[in-house]
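Quick note, the sequences are listed as chains Z and G, same order.
Following this note's numbering from start to finish, the first sequence increments by one per residue and tops out at 254.
Following this note's numbering from start to finish, the second sequence increments by one per residue and tops out at 453.
The beta-carbon is built from N, C-alpha and C at its ideal position, and this holds for glycine as well.
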Amino acid sequence: MLSVKNLQAGINDKAILRGIDLEVRAGEVHAIMGPNGSGKSTLANVLAGRDGCQVTAGTVSYLERDLLAMPAEERARAGVFLAFQYPVEIPGVSNALFLKTALNSLRKQRGLPELDAMDFLQLLRDKMKQLGMDEALLQRAVNEGFSGGEKKRNEVLQMAVLEPKLAILDETDSGLDIDALRLVADGVNGMRAPDRAIVLVTHYQRLLNYIVPDVVHVLSQGRIVKSGGAELARELEQRGYGWLEAEHAALKAA
Amino acid sequence: MLHSRQLSEDAMNVQQESWQDIALERMPRYLAGHGLPWLAAARESAFERFSVHGFPTRREEEWKYTDVSMIGKRASLAPDNIPPDPSSEARLFAWALAQEDMHLMVFVNGHFSGELSALHELPAGVRLDSLADLLEGSADVPGMLFDEQHEHTVFAALNNALATDGVVLQLAPGTVLEKPLYLLFIASGHGTAIYPRNIVLAGEGTRAALIEHYFGMLDGHNFTNAVSQISLAAQAELQHCKLLQEGKDAFHIAGIHAEQAAGSRFVSHSIALGGRLVRNDITSRLDGAGCQCTFNGLYLLEGKQHVDHHTRIDHFASSCTSREFYRGILEGEAHGVFNGKVIVHPDAVKTDAHQSNHNLLLSRQAEVDTKPQLEIFADDVKCTHGATVGQLDDDSLFYLRSRGIDAVSARSLLIYGFANDIITRIELPLMRERIEHLVLERLPQGEQIKELL
């Protein structure tokens, strides 16, 4: 589904990704872990198409298409979804209007009719209930005055409504208490499907207790230094990132 | 450089003299109430005050950012004597409004049209007249209505001299006018000068809503000079909403001036969408304790539009609250001006005043001059203000686009959201919805957003 080859990118002429190779197949859940500053969020943003991240080398192919050539909205319509680390507040635009606009633009792209108001509301109510979200958040402006946990749940709600093929969750676990984390994890697990891939970007292993990944990658200084199964995450939890970085440095020296 | 500029301005002032050609002594003969000697005298002395001062120039602090010399170059300032037949478009528009649950009074070029209006039965204690009818029909029009007291700008003196018609709403103590009173001012024809004068006298404990809608059907170089004076007795409440949709070449200079007795509440919304050169002076005097005064406004400008809001709230009494929220959205080479003055006089202890003006510039050529002015002469007061000028936020745009919303719609959604802060403050549901739709109609893909609301 997603094939990243030698991806190099930076922000403001500062190189951050220094050659990422990543293969994600439909049905898989990948976790990308790494210390602060390793480039995890930049990778997520480059995949989602944020302006300001300059790609200097490499290719990204998504469902046989050149992802890097597509503007952000086209990627979203093709099924790419990024759950933001810092969801943006949109004053004056209700959550309901935002979601309806987004869903209808995706449905249009997919040749589906616009959802009528009643069906839309029903769809949202069900999903919000699953995520333990207060329905009143629908009439509030997008993320405005939401608590940290509400913002993160709102990201997962959007994912549930928009039903992407490739979902990238950037630090979705940060700022969540244990109950919210469980609800969010249930929401994400509920979206696991044979035709969908999920990429979890996270600093901590905590989330991976609830969403067990098929593959774990460790990112350090803009490169994937190690990949493995779910057990790699537990090892990181015990030993930290230092040993891996040292191992990688030694490998490179040799 | 400065010297030569002053010279050219002086040269312009010489050219402006054309308005002095109006034969003063002729005016009272065809304006409403010409048979009333006191009125003729009041009109003449008002015109005298106007002509002594002349049109304001940009050298005056209050007119620093707004150049009205174009108005002075008009061939004539005299109002039309006989209103034209309204166009079929105007008739249709008035007819549509007449279907709404409200009292509708239509004025064409400053003259009341009974034919286009639709007044429902009025509750006891409510008196509603056209100013011209009052002046023509009886002598019980208080002379103070034409005093100098409302001449905040020299244009009000001109209005005093040349006012043709308008509404006079009088509410006896305790009466409530449930349905809003909707005044539709249609500017029809080319190059017409229009002088509406509206008067609201709200007795103690009364409640009413008044809408002033200025609508230009044609691209004519019309000049509207309107004054609305509002007097609220103790505990009275008035919702006022002004919607400006003048034609694209129209000049519009207006004053809305309120006086509030104790415990009264005045809410003003000024929504400026159309017009080439617009100036609104909106003021309130808080004369009694415990008043509430709210001034909200939204200007949505494009092309070469110039819209200036000068507001002034005078806190004379204790424990009054004033709130002011103005926002502007500017495209093209549009120019917005906001000057918000709040004066807390020595006796106005426990004043609570807040003012803000936020502007969104959508093009490099658009320009805003914003100036909050707080003058505080009392202790124990709470006064805050804030003003910003900014552009659309890239992170917000990316957020919307990352959800599949195209860039054009994403921009429109953000602009709509920015305007919505003001729209949602409009307490009259009828106007809130109408203005929301008008704003969306101005935005690319706005129709689609409208359908999803």
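Option nearest residue i by Cα separation, candidates the options
i      : options                        : result
G/K179 : G/L238, G/G189, G/A157         : G/L238
G/G274 : G/I282, G/L300, G/N81, G/R411  : G/L300
G/L286 : G/D129, G/R59, G/F266          : G/F266
G/K350 : G/F47, G/L119, G/A378          : G/A378
G/L171 : G/H269, G/G72, G/V200, G/I186  : G/V200
G/H358 : G/G297, G/F251, G/P37          : G/G297
Z/K165 : Z/G240, Z/P194, Z/N154, Z/D177 : Z/P194
G/A261 : G/S319, G/F185, G/L210, G/H34  : G/S319
Z/A76  : Z/E144, Z/H217, Z/Q158, Z/P35  : Z/Q158
Z/G39  : Z/L7, Z/F98, Z/A160            : Z/L7
G/G35  : G/L135, G/V154, G/I405, G/T224 : G/L135
G/G72  : G/T57, G/N81, G/Y65            : G/T57
G/S363 : G/H345, G/A334, G/K382         : G/A334
Z/L162 : Z/S147, Z/T101, Z/L207         : Z/T101
G/D314 : G/D308, G/Y326, G/G288         : G/G288
Z/L68  : Z/F84, Z/Q85, Z/V142, Z/L43    : Z/L43
Neighbouring residues, chain G, relative to residue i (Cβ below 8 Å)
i      : result
Z/T299 : Missing from the structure shown is residue 299 of chain Z; chain Z here goes from 1 to 254 and no further.
Z/T231 : Here residue 231 of chain Z turns out to be Glu, not Thr, going by the sequence shown. What Z/E231 touches in chain G: nothing, since even the nearest Cβ is about 33 Å away.
Z/A72  : F398, R401, S402
Z/R77  : G404
Residue environment, residue i, which counts as buried when at least 16 other CB atoms sit within 10 Å
i      : result
G/T384 : exposed
G/T311 : buried
G/Y195 : buried
G/W63  : buried
Z/N189 : exposed
Z/D13  : exposed
G/P83  : buried
Z/A96  : buried
G/E115 : exposed
G/R434 : buried
Z/E171 : buried
G/S88  : exposed
Residues that residue i contacts on chain G, provided the C-beta gap is smaller than 7 Å
i      : result
Z/V88  : D395, S396, Y399
Z/L106 : G404
Z/R50  : F398
Z/L82  : S402
Straight-line Cα distance separating residue j from residue i
i      : j      : result
Z/E135 : Z/E150 : 12 Å
Z/R140 : G/L430 : 22 Å
G/A124 : G/V176 : 9 Å
Z/D126 : Z/V93  : 22 Å
G/Y182 : G/L131 : 16 Å
G/P86  : G/E246 : 16 Å
G/S322 : Z/I11  : 46 Å
G/S45  : G/P37  : 12 Å
Z/D74  : Z/L236 : Here residue 74 of chain Z turns out to be Glu, not Asp, going by the sequence shown. Cα-Cα distance, rounded: 36 Å.
G/L24  : G/A407 : A caution first: G/L24 carries a pLDDT of 49, below 50, which makes its placement in the model too unreliable to give a value.
G/D395 : Z/R223 : 26 Å
Z/P156 : G/Q229 : The residue you asked about is not Pro; residue 156 of chain Z is Val in the sequence shown. One C-alpha to the other measures close to 54 Å.
Z/P87  : G/E324 : 30 Å
Z/K226 : Z/A253 : 16 Å
G/V227 : G/A156 : 7 Å
G/L77  : G/A193 : 6 Å
G/W95  : G/S113 : 12 Å
G/G110 : G/V126 : 23 Å
G/R442 : G/S264 : 36 Å
Chain Z residues whose Cβ lies nearer than 8 Å to that of residue i
i      : result
G/Y416 : G92, V93
G/S409 : T101, S105
G/L452 : L97, K100, T101, N104
G/D133 : Going along chain Z, no residue has its Cβ under 8 Å from G/D133, so there is no contact; the nearest lies around 44 Å.
G/I449 : L97, T101
Per-residue contacts from residue i into chain Z (C-beta, under 9 Å)
i      : result
G/A387 : Neighbours of G/A387 on chain Z: none; closest Cβ ~17 Å, over 9 Å.
Partner residues on chain Z for residue i, Cβ-Cβ distance less than 7 Å
i      : result
G/D249 : Within 7 Å Cβ-Cβ: nothing; G/D249 doesn't reach chain Z, min ~32 Å.
G/L413 : V93, T101
G/N359 : Here the premise fails: no neighbours, minimum Cβ distance about 15 Å.
Partner residues on chain G for residue i, Cβ-Cβ distance less than 9 Å
i      : result
Z/Q122 : Simply none; closest approach about 16 Å.
Z/Q158 : R403
Mind the definition here: the stretch 203-211 of chain G touches the stretch 222-235 of chain G only if three or more C-beta pairs lie below 8 Å; say whether that holds. yes
Spell out a yes or no on whether the stretch 1-10 of chain Z and the stretch 184-192 of chain Z are touching, meaning 3 or more CB-CB pairs, one atom from each, closer than 8 Å. no
Okay, do the stretch 250-258 of chain G and the stretch 416-434 of chain G touch, 3+ Cβ pairs below 8 Å being the bar? no
Pairing CB atoms from the stretch 94-112 of chain Z with CB atoms from the stretch 51-64 of chain Z, are three or more of them under 8 Å? no
Hey, is the stretch 201-220 of chain Z in contact with the stretch 27-43 of chain Z, meaning 3+ C-beta pairs nearer than 8 Å? yes
Under 8 Å, with one C-beta from each stretch per pair, do the stretch 210-224 of chain G and the stretch 183-191 of chain G reach the 3-pair mark? yes
Does the pairing of the stretch 38-54 of chain Z with the stretch 80-91 of chain Z give three or more beta-carbon distances under 8 Å? yes
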